[in-house]
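Participant:
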Amino acid sequence: MKIIGKNSLSRYINWGITFIFFLFFIHLIYFFLGYTICYYNNTSDGKLMTNTFSTGIKLYTGIQENTFSIKYPFINLNFFSGVFSSRLFFEGLIGFAGFAFYFYCLKKIFGALSSENIFSLNLLKWTRLFLGFNIILGLIYTFFFGEVKLTEVTRIISHLMPFLFVFFITLFAYAFFKKGYGLQSENELTI
1 MKIIGKNSLS RYINWGITFI FFLFFIHLIY FFLGYTICYY NNTSDGKLMT
51 NTFSTGIKLY TGIQENTFSI KYPFINLNFF SGVFSSRLFF EGLIGFAGFA
101 FYFYCLKKIF GALSSENIFS LNLLKWTRLF LGFNIILGLI YTFFFGEVKL
151 TEVTRIISHL MPFLFVFFIT LFAYAFFKKG YGLQSENELT I
């Protein structure tokens, strides 16, 4: 079986990544919808679907906090829960949206690798976008989710390590794709 091109391994990887992208995208929509319904249930007298989107007041570190819980529909399995705060809302939104876009970029890259014309401007564009987004997501993960201070160098490095690893591998692949695109364009001009 070929690695790249039509009917290749990259095509099957593209299908798997597309599935993962849709999972994150559906979770993003469900999180946004669920948080909105929980916020409505918490701030108004009317209650919507309280079995799935519940709210309450709990004692955390000696302080009573307004809490919410979003469950998967039709099953009693917790999806997302916490204390109402704008930080938690943005953590969920950025987390689900970030990884949805992360896998969308990968989907576009592997989609281009499984086409007939492998080295294309489309492949270069999505690889370059993936490179930039990988660094941005790594920084957001480190400083927003990880709550790392600039003075904690070892924690910064340990949080950024997986993102930097993927970044450098993708940078190597980008250089390979760019060289392949140049050779392919040169070959098409000589024919």
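Those letters in the sequence shown? Residues 1 to 191, by the UniProt record's numbering. Here a beta-carbon is modelled for each residue, glycine too, at the ideal position from N, C-alpha and C.
1) With DSSP as the reference, label Tyr181 as helix, strand or coil.
2) What residue ranges within the region 97-149 form continuous alpha helix (DSSP H) runs of no fewer than 4 residues, ordered along the chain?
3) Is the region 39-52 touching the region 136-145, taking contact as three or more C-beta pairs under 8 Å?
4) Does the contact criterion of 3 or more C-beta pairs under 8 Å hold for the region 96-108 versus the region 21-30?
5) Classify Tyr35: buried if its beta carbon has 16 or more other beta carbons within 10 angstroms, exposed otherwise.
6) In whole angstroms, give me the CA-to-CA distance for Tyr141 and Phe96.
7) Let me know the beta strand (DSSP E) ranges lying completely inside the region 3-66, each 3 residues or longer, listed in chain order.
8) Near Thr127, what residues of its chain come up, given a Cβ to Cβ distance below 7 Å and the 5 sequence neighbours on each side ignored?
9) If you draw a straight line from the C-alpha of Phe31 to the C-alpha of Ile17, how long is it?
10) Does DSSP classify Phe167 as helix, strand or coil?
11) Please state whether the Cβ-Cβ distance between Ser114 and Ser10 is less than 8 Å.
12) Please report the distance separating the alpha-carbon of Asn14 from that of Gln184.
13) Per DSSP, what kind of secondary structure is Ser85 in: helix, strand or coil?
14) By Cβ distance below 8 Å, which residues in the same chain neighbour Lys6 in space, the five residues on each side in sequence not counted?
15) Could you tell me the distance, in whole angstroms, from the CA atom of Ile57 to the CA atom of Ser86?
Facilitator: Reading off the structure:
1) Here residue 181 is taken as the residue at index 181 of the sequence shown, counted from 1. Helix at Tyr181.
2) 121-140
3) no
4) yes
5) For this step, residue 35 is matched to residue 35 along the sequence shown. Tyr35 comes out buried.
6) Here residue 141 refers to the residue found at position 141 when the sequence shown is read from its first residue. Here residue 96 refers to the residue found at position 96 when the sequence shown is read from its first residue. Spanning the two alpha carbons is a distance of roughly 12 Å.
7) 53-60
8) The residue you call residue 127 lines up with position 127 of the sequence shown. Excluding positions up to five away in sequence, the list reads Ile109, Thr170, Ala173, Tyr174, Phe177.
9) Residue 31 sits at position 31 when you count from the first residue of the sequence shown. Residue 17 sits at position 17 when you count from the first residue of the sequence shown. If I take the Cα positions, the gap works out to 21 Å.
10) As a first step, residue 167 is located in the sequence shown; it is residue number 167 there, counting from the start. Residue state, collapsed to three classes: helix.
11) Within the sequence shown, residue 114 is the residue found at index 114, counting from 1. Within the sequence shown, residue 10 is the residue found at index 10, counting from 1. Contact flag set, yes.
12) Taking the first residue of the sequence shown as position 1, residue 14 is located at position 14. Taking the first residue of the sequence shown as position 1, residue 184 is located at position 184. Computed Cα separation, rounded: 23 Å.
13) Start at 1 with the first residue of the sequence shown, and residue 85 comes out as number 85. The answer is coil: DSSP assigns Ser85 none of H, G, I, E or B.
14) Along the sequence shown, one-based indexing puts residue 6 at 6. For Lys6, where only same-chain residues beyond five positions count, the Cβ hits under 8 Å are Ser114, Ser115, Glu116.
15) Here residue 57 refers to the residue found at position 57 of the sequence shown. Here residue 86 refers to the residue found at position 86 of the sequence shown. Whole-angstrom Cα-Cα distance: 17 Å.
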